[in-house]
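With the numbering used here as the guide, the letters of the sequence shown map in order to residues 1 to 491.
Glycine residues also receive a C-beta, built at the ideal position from the N, C-alpha and C atoms.
This report refers to the structure that appears directly beneath it.
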Amino acid sequence: MPSHLLSKSSYIKGLQCEKHLYLYKHHYEEMDELTDMQKAIFKRGTDVGILAQQLFPVGTQATEGSPPDYKNGLLKTQELIEGGENTIYEASFQFNDVLSIADIVVNENANFNIFEVKSSTSISETYINDAALQYYVISNLGINIKDFSIIYINNQYIRNGELDIKKLFFTESVLELILPLQDFVKDKVKRFKQVLMQKHIPPVEISEHCYKPYLCGFYNYCREHIPEDSIFDFSGMHLAKKYELYGEGIIKLDDVPDDLLLSKNNKLQLKSYKNGKPYIDKDAIQNFLSDLKYPLYFMDFETFQPAVPFFDDSRPYQQIPFQYSIHLMKKEDSELKHFEFLAEPVEDPRKKFIENLLNDTRGKGDVIVYNKSFEITRLKELVRDFPEYADEIEKLTLRIKDLMIPFQRKYYYSPEMKGSYSIKAVLPALVPELSYDELEINEGGLASAAYESMQTETDLMIIAEIKQQLLEYCKLDTLGMVRILEELRQL
Ligand code: SF4
1 MPSHLLSKSS YIKGLQCEKH LYLYKHHYEE MDELTDMQKA IFKRGTDVGI LAQQLFPVGT
61 QATEGSPPDY KNGLLKTQEL IEGGENTIYE ASFQFNDVLS IADIVVNENA NFNIFEVKSS
121 TSISETYIND AALQYYVISN LGINIKDFSI IYINNQYIRN GELDIKKLFF TESVLELILP
181 LQDFVKDKVK RFKQVLMQKH IPPVEISEHC YKPYLCGFYN YCREHIPEDS IFDFSGMHLA
241 KKYELYGEGI IKLDDVPDDL LLSKNNKLQL KSYKNGKPYI DKDAIQNFLS DLKYPLYFMD
301 FETFQPAVPF FDDSRPYQQI PFQYSIHLMK KEDSELKHFE FLAEPVEDPR KKFIENLLND
361 TRGKGDVIVY NKSFEITRLK ELVRDFPEYA DEIEKLTLRI KDLMIPFQRK YYYSPEMKGS
421 YSIKAVLPAL VPELSYDELE INEGGLASAA YESMQTETDL MIIAEIKQQL LEYCKLDTLG
481 MVRILEELRQ L
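Here you go:
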């Protein structure tokens, strides 16, 4: 069985950048390590793919394994087709050195319907290109494709009792879109094969294309020459402008000429970098602080977004709050009190979350969050799903103040923040002794993935460990806010 040169994923990489395609095939070891978040997204794609097979419940898997054992998959697919199998999952095909593994193939008297499953909630241009390549491979093998559809998630589906697979997924034919692309695919396949045969890495400069449709896996490899303090740190500057400067050879912050037209924030950022000192607008900070009403409740939520809704009255990808941490400061310099909530896995966490939250924040005083739009949107969703708590939740919402403002509006900026005003950048700049580095879970996306993993975990030791990690992470977020506020006061 001859090996293939291209696959669906390498074809998409080639469309993004020929250097990406080449590096992926010949210098795989240089690829950035997958983050836990990326692994969780891949796993979600696989899980959704398996679930969608239930739309065609009686079928046979042709290609097994991860990475897929395509050699056996090709043989088995051929056998199954010749044997008249009606439904084949993960069917492998190869034509002109291109391998394609189709998620679901339905054979109706030698007329084939091909289905590609995506865990997204819409059909993107990349999916069309991916489908066009598959059509190219399968149809050129002499197989009569009657229709080609993409199955994707209906984000308006609201679960009520048992999962209704037929309502969870949309199935949409893309045949009319992929037929006109066949000549394009043929040309690209020819071109990409030539690229892969070259002896040298294609000389492609970094640019905006490195981010679309996906962040390139060789992002760091191609940016080894970018120094620590570069124009890519400019906050709020369009990517196009950054790459324009890069193209002109302005790369280090030290290279930026004094007469370059910059936004007010970028000027301030540059000045602070060049002076090596923080920028502090004491009056603005003072105004922000004097507006706070004690007692202060420092509050942070964690949420997860299952692609397939676990609970009644929830939709695909709905953000479900499952955890919070609150540090209560009764008055300036008084001792802190800590409250926390972490839902048990499997059960719908929302009601207990609301009840505990309302209990722990009852009374007067401001509720301090970092990036209030996140918490406020979650609270509004809880009002929508549990209107019986509307009054109390709305009162709580009115008390919310945003600790991000002094940093977003640059009342305080220090070079260590590297243009960012996220709490992950602000905390180490202002309170270096408090760090997320030692924590197993050290960002919100990982907290979501960890909580979601508990839904199917049966090992109690592992569950206990994840719970502990989640509690430590969320607690640090609110303790961090307390310390940041104290630092602002010192200023
Ligand atoms: S980082 Fe950019 S230039 Fe480098 S391989 Fe990826 S897409 Fe191409």
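Assign residue i to buried or exposed, taking buried as 16 or more other Cβ atoms, counted over all protein chains shown, within 10 Å of its Cβ.
| i | result |
| --- | --- |
| Phe234 | buried |
| Gln269 | buried |
| Arg159 | buried |
| Phe42 | exposed |
| Asp312 | exposed |
| Lys188 | buried |
| Gly236 | exposed |
| Met417 | buried |
| Thr361 | buried |
| Ser414 | buried |
| Pro257 | exposed |
| Gly495 | With the chain represented from 1 up to 491, any question about residue 495 goes unanswered, as that position is not in the structure. |
| Asp391 | exposed |
| Val58 | exposed |
| Gln318 | buried |
| Ser119 | buried |
| Val346 | exposed |
| Pro202 | exposed |
| Asp385 | buried |
| Ala464 | exposed |
| Gln156 | exposed |
| Asn107 | buried |
| Gln94 | buried |
Starting from residue i, follow the alpha helix (DSSP H) in both directions and report where the run begins and ends.
| i | result |
| --- | --- |
| Lys13 | Lys8 to Gln16 |
| Tyr297 | Premise fails: Tyr297 lies in the beta strand (DSSP E), Leu296 to Phe304, not in any alpha helix (DSSP H). |
| Lys424 | Ile423 to Leu430 |
| Val482 | Leu460 to Gln490 |
| Asn287 | Lys282 to Ser290 |
| Ile138 | Glu125 to Asn140 |
| Lys186 | Gln182 to Met197 |
| Glu381 | Lys372 to Asp385 |
| Glu29 | First-last for Glu29: undefined, no H or E at that position. |
| Glu340 | First-last for Glu340: Leu336 to Leu342, but that is the beta strand (DSSP E), not the alpha helix (DSSP H). |
| Tyr243 | Leu239 to Gly247 |
| Arg494 | There is simply no residue 494 to check, as the chain begins at 1 and stops at 491 in what is shown. |
| Glu82 | Tyr70 to Glu82 |
Could you tell me if the beta carbon of residue i falls within a distance shorter than 6 Å of some heavy atom in the ligand SF4?
| i | result |
| --- | --- |
| Ile466 | no |
| Lys19 | yes |
| Tyr152 | no |
| Val117 | no |
| Tyr219 | yes |
| Cys216 | yes |
| Ile206 | yes |
| Cys210 | yes |
| Cys222 | yes |
Would you kindly report the start and end of the unbroken beta strand (DSSP E) that includes residue i?
| i | result |
| --- | --- |
| Val367 | Val367 to Val369 |
| Phe232 | That residue, Phe232, is in no beta strand (DSSP E); it is neither H nor E in DSSP. |
| Tyr102 | Before going on, a small fix: residue 102 reads as Ala here, not Tyr. Looking at the DSSP string, the run of the beta strand (DSSP E) that includes Ala102 is Val98 to Glu108. |
| Pro321 | Ile320 to Met329 |
| Leu398 | No beta strand (DSSP E) holds Leu398; the alpha helix (DSSP H) holding it covers Ala390 to Leu398. |
| Ile114 | Asn111 to Val117 |
Looking only at DSSP bridge pairs, what is residue i linked to?
| i | result |
| --- | --- |
| Gln61 | Tyr89 |
| Asn359 | Asn359 is not bridged to any residue. |
| Thr171 | Ile151 |
| Ile145 | Phe112 |
| Gln94 | Leu99 |
| Tyr412 | Ile280 |
| Lys252 | Ser230 |
| Lys267 | DSSP lists no partner for Lys267. |
| Asp402 | Val369 |
With respect to 6 Å, is the separation between the Cβ of residue i and the closest non-hydrogen atom of the ligand NAD below this value?
| i | result |
| --- | --- |
| Gly249 | The ligand NAD is not part of this structure, which contains only the ligand SF4. |
Per the contact definition of three or more C-beta pairs closer than 8 Å, is the segment 66–74 in contact with the segment 165–175? Inter-segment contact for the segment 165–175 and the segment 66–74 is absent: fewer than three beta-carbon pairs are separated by less than 8 Å.
Do the segment 431–439 and the segment 281–294 touch if we need at least three Cβ pairs shorter than 8 Å? A contact is defined here as three or more CB-CB pairs under 8 Å, and the segment 431–439 fails this definition with respect to the segment 281–294.
Inter-stretch contact (C-beta, 8 Å, three-pair minimum) for the segment 22–34 and the segment 208–226: When C-beta atoms of the segment 22–34 are compared with those of the segment 208–226, three or more pairs fall below 8 Å, so the two segments count as touching.
Could you say if the segment 451–466 and the segment 262–276 meet the contact criterion of at least three C-beta pairs nearer than 8 Å? Because the criterion of three Cβ pairs below 8 Å is not met, the segment 451–466 and the segment 262–276 do not touch.
Inspect the CB distances between the segment 350–360 and the segment 323–340 and report whether three or more fall short of 8 Å. Three or more beta-carbon pairs drawn from the segment 350–360 and the segment 323–340 are found closer than 8 Å, and the two stretches are therefore classed as touching.
Meets three-Cβ-pair contact criterion under 8 Å: the segment 91–104 and the segment 114–133: Yes: at least three Cβ pairs fall under 8 Å.
So does the segment 119–134 actually touch the segment 181–196, counting three or more Cβ pairs closer than 8 Å? In the pairwise beta carbon analysis, the segment 119–134 is classified as touching the segment 181–196: at least three pairs are separated by under 8 Å.
Determine contact between the segment 317–334 and the segment 376–385, defined as no fewer than three beta-carbon pairs at a distance below 8 Å. Contact holds: three or more Cβ-Cβ distances are below 8 Å.
Under 8 Å, with one C-beta from each stretch per pair, do the segment 185–199 and the segment 3–15 reach the 3-pair mark? At 8 Å Cβ cutoff, the stretches touch.
Do three or more CB pairs link the segment 480–490 to the segment 420–428 at distances below 8 Å? As far as the Cβ criterion goes, the segment 480–490 touches the segment 420–428, which means the pair count is three or higher.
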